Amino acid sequence: MNKTLQIAWREFTATVMTKGFLIGMLVLPLMMGLVVLLIPWIINMQKAPHVEGTVVIVDDSGLVADGLRDYLTPEAFAKRRLDLKDRVDEIMPPGVRGMAAGNAQADAMIQQQLEQALGMVPQLRIETQAAGSDMDVLKARLRDEADEARPLAVLHVADDAVWPDEGAAIDELGGYELLTRKGVDDRLIDSLQDGSRNAIIAARMNARDLDAGEIRALNRVAHPAIQRVDAGGETAVNEIARKLMPMAFLMLIFISVMTAGQYLMTSTIEEKSSRVVEVLLAAVSPMQLMGGKILGQLAVGSVTLAVYAGLGILALVTLASAGFVDPLMLLWLAIYFLIAFITMAALMAAIGAAVNELREAQALLTPVMLTMVLPMMLWQPISRDPNGTLATVASLIPPVSPFVMILRLSSSVPPPAWQIAASIAIGIAAVFATVWMAGKIFRVGLLMHGKPPNFATLVRWIRMA
Numbered sequence: 000m001n002k003t004l005q006i007a008w009r010e011f012t013a014t015v016m017t018k019g020f021l022i023g024m025l026v027l028p029l030m031m032g033l034v035v036l037l038i039p040w041i042i043n044m045q046k047a048p049h050v051e052g053t054v055v056i057v058d059d060s061g062l063v064a065d066g067l068r069d070y071l072t073p074e075a076f077a078k079r080r081l082d083l084k085d086r087v088d089e090i091m092p093p094g095v096r097g098m099a100a101g102n103a104q105a106d107a108m109i110q111q112q113l114e115q116a117l118g119m120v121p122q123l124r125i126e127t128q129a130a131g132s133d134m135d136v137l138k139a140r141l142r143d144e145a146d147e148a149r150p151l152a153v154l155h156v157a158d159d160a161v162w163p164d165e166g167a168a169i170d171e172l173g174g175y176e177l178l179t180r181k182g183v184d185d186r187l188i189d190s191l192q193d194g195s196r197n198a199i200i201a202a203r204m205n206a207r208d209l210d211a212g213e214i215r216a217l218n219r220v221a222h223p224a225i226q227r228v229d230a231g232g233e234t235a236v237n238e239i240a241r242k243l244m245p246m247a248f249l250m251l252i253f254i255s256v257m258t259a260g261q262y263l264m265t266s267t268i269e270e271k272s273s274r275v276v277e278v279l280l281a282a283v284s285p286m287q288l289m290g291g292k293i294l295g296q297l298a299v300g301s302v303t304l305a306v307y308a309g310l311g312i313l314a315l316v317t318l319a320s321a322g323f324v325d326p327l328m329l330l331w332l333a334i335y336f337l338i339a340f341i342t343m344a345a346l347m348a349a350i351g352a353a354v355n356e357l358r359e360a361q362a363l364l365t366p367v368m369l370t371m372v373l374p375m376m377l378w379q380p381i382s383r384d385p386n387g388t389l390a391t392v393a394s395l396i397p398p399v400s401p402f403v404m405i406l407r408l409s410s411s412v413p414p415p416a417w418q419i420a421a422s423i424a425i426g427i428a429a430v431f432a433t434v435w436m437a438g439k440i441f442r443v444g445l446l447m448h449g450k451p452p453n454f455a456t457l458v459r460w461i462r463m464a
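The letter at position 130 of the sequence shown is residue 129 when you use numbering that gives the first Met the number 0, and the numbering goes up by one with no holes.
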């Protein structure tokens with residue numbers, strides 16, 4: 000046992016104390032931090048374009064122009080920005096909302112971000128042309144680049160936009176035409192389209208003695224807070240957390256297992272190809288060597304898991320959203336990580352011992368990679384129905400069971416206790432079986448050189464060893 004621990008320590012230090020590991024460990028958090036810090040800074044460096052000019056309205060219906068003019072005033076634009084800011088405040092995490100409340104600097108920053116996203120409030124001059132105006136003349140004005148007073152856009156409302164033509168059905172009402180000059184900001188185009196649509200709808204309602212504001216209010220339904228009711232009482236359900244948490248936990252296990260497993264396979268291949276393994280086998284048995292390498296890389300994977308999980312928890316605490324994660328989930332994460340890692344690490348060690356160079360390992364590695372990627376492909380159907388047939392069966396089939404079970408446990412409807420116990424028992428049995436088979440391949444393959452084995456050869460090694 001002492002020799003196994005010595006090998007484990009050697010494997011751990013040989014991996015963790017390298018520049019490559021430290022850089023790789025820090026790259027993802029640094030990239031995430033840079034994205035969070037630099038993107039807003041870059042956006043702030045770019046001054047939002049100022050939109051000023053003339054919009055020509057040709058209202059052949061005679062009932063839309065006034066509403067459209069009111070919609071396009073700077074005051075109306077500013078009011079819509081304030082309404083949007085209120086909606087942004089509503090969907091903020093409670094911690095961010097609490098920090099922004101009463102903070103003039105934070106309020107100004109949010110306003111600045113809205114300006115960057117939507118542009119500065121346009122200063123538009125509205126020019127109304129008589130119904131039936133020649134559209135060709137207006138198009139010529141849009142094309143005339145030498146005319147400094149040429150309009151930004153022309154809005155032409157059809158004569159049947161409010162009332163249908165005689166003999167036409169109500170669903171055959173006309174609409175509007177939007178003409179713009181070259182280079183008009185797409186955000187202004189969106190505003191012109193929204194304004195035209197809203198003004199036409201309001202004119203239709205008013206023409207029929209309907210209160211457009213009242214109807215809009217009647218059509219508006221507040222977004223309700225979702226409450227999950229069970230034997231323990233009522234619990235608020237956060238939709239974003241419900242959708243993203245399962246994938247977050249799955250990625251934690253995937254990255255940790257994949258990182259350390261790849262190091263294990265690579266180091267085994269390097270030691271075999273350089274004949275270092277022959278020196279090691281003079282002092283320890285193949286099983287001690289494999290066990291030490293698995294334990295060492297298990298420590299590497301645990302460090303990776305702890306770093307990324309810690310960063311995630313720190314982010315949630317900062318946003319006052321730590322309640323999204325049940326502390327018991329951290330225990331399940333550790334248990335299923337151990338099962339997943341030892342199973343996959345044993346397979347990686349066997350593959351590394353069976354081949355002579357990294358290129359030869361790709362064919363044998365493909366099935367192992369598929370078993371790790373498969374739960375990611377099934378993430379959405381399992382998260383939507385965590386207690387369905389697919390999720391239940393997959394969570395009891397090794398080696399995918401740890402990955403699927405962590406998806407189910409982090410979903411909104413956790414699995415029954417007996418299924419959790421069964422998956423752990425099956426996972427432990429799979430660990431012993433995988434280590435036993437991998438140990439036989441490891442013992443035979445370490446000293447074998449030449450043609451790389453196929454799957455039939457690996458089965459023969461298991462039977463003969």
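Beta carbons: idealized from backbone N, C-alpha and C, even for Gly. Values in this document were obtained by computation on a predicted structure and should not be read as measured data.
- Cβ contact annotation for G166 (same chain, cutoff 6 Å, sequence separation greater than five): none.
- Counting along the chain, the unbroken alpha helix (DSSP H) around D193 starts and ends at D185 to A206.
- Rounded to the nearest angstrom, the Cβ distance from I6 to K292 is 6 Å, consistent with a contact under 8 Å.
- As for any alpha helix (DSSP H) of minimum length 4 sitting wholly inside the region 307-392, the runs are 326-353, 357-376 and 378-383, ordered along the chain.
- Counting along the chain, the unbroken alpha helix (DSSP H) around D135 starts and ends at M134 to R142.
- Burial check for L327: the Cβ neighbour count within 10 Å stays below 16, so the residue is exposed.
- Looking only at I252, P285 and I254, the smallest Cα-Cα distance to T267 is reached by P285.
- When secondary structure is reduced to three states using DSSP, A424 falls in the helix class.
- Under the DSSP definition of a beta bridge, Q122 partners with E51.
- By the 16-neighbour rule on beta-carbons within 10 angstroms, A168 is exposed.
- Closest in C-alpha terms to P121, from the list S273, D159 and L191, comes L191.
- Remark: C-beta atoms of A201 and A216 do not approach each other more closely than 8 Å.
- DSSP lists V57 as the bridge partner or partners of Q128.
- Looking from the CA of E176, the closest CA among D170, I199, D184 and A259 belongs to I199.
- Boundaries cannot be given for T17, as no alpha helix (DSSP H) includes it and DSSP labels it neither H nor E.
- E176: member of the beta strand (DSSP E) spanning Y175 to T179, first to last residue.
- The beta carbon of M436 sits closer than 7 Å to those of I461, all from its chain and outside the five residues before and after it, given in chain order.
- Excluding sequence positions up to five before and after V399, its CB lies within less than 7 Å of the CB of T370, L373, P374 and A393, all in the same chain and listed in chain order.
- Inter-residue distance for A247 and R219 is about 34 Å (C-alpha atoms, whole angstroms).
- Note that the region 352-362 does not touch the region 298-312; fewer than 3 beta-carbon pairs, one per stretch, sit closer than 8 Å.
- Your pair V256 and G300 checks out as a contact, with CB atoms roughly 6 Å apart and the cut at 8 Å.
- Distances from the CA of L263 to each of D189, A333, K181 and L346 were compared; the closest alpha carbon is that of L346.
- In the displayed model, A157 falls within coil according to three-state DSSP, outside both helix and strand.
- When the alpha-carbon of L249 is set against those of W378, R142 and V15, the nearest one is in W378.
- Distance from the CA of M463 to the CA of G260, rounded to the nearest whole angstrom, comes to 26 Å.
- The DSSP-derived three-state label of A152 is strand.
- Inclusion of V15 and V275 in the CB contact set at 8 Å is not warranted, their separation being larger than that value.
- Only residues of its own chain outside the window of five on either side were considered, and among them L304, Y307, A308 and L332 have a CB closer than 7 Å to the CB of L251, listed in chain order.
- In this structure, L141 and L178 form a Cβ contact; the two beta carbons are roughly 6 Å apart against a cut-off of 8 Å.
- Non-local C-beta neighbours of S132 in its own chain, meaning closer than 7 Å and more than five positions away in sequence, comprise V57, ordered along the chain.
- Contact between P414 and N386 holds, with the beta-carbon distance rounding to 6 Å and staying under 8 Å.
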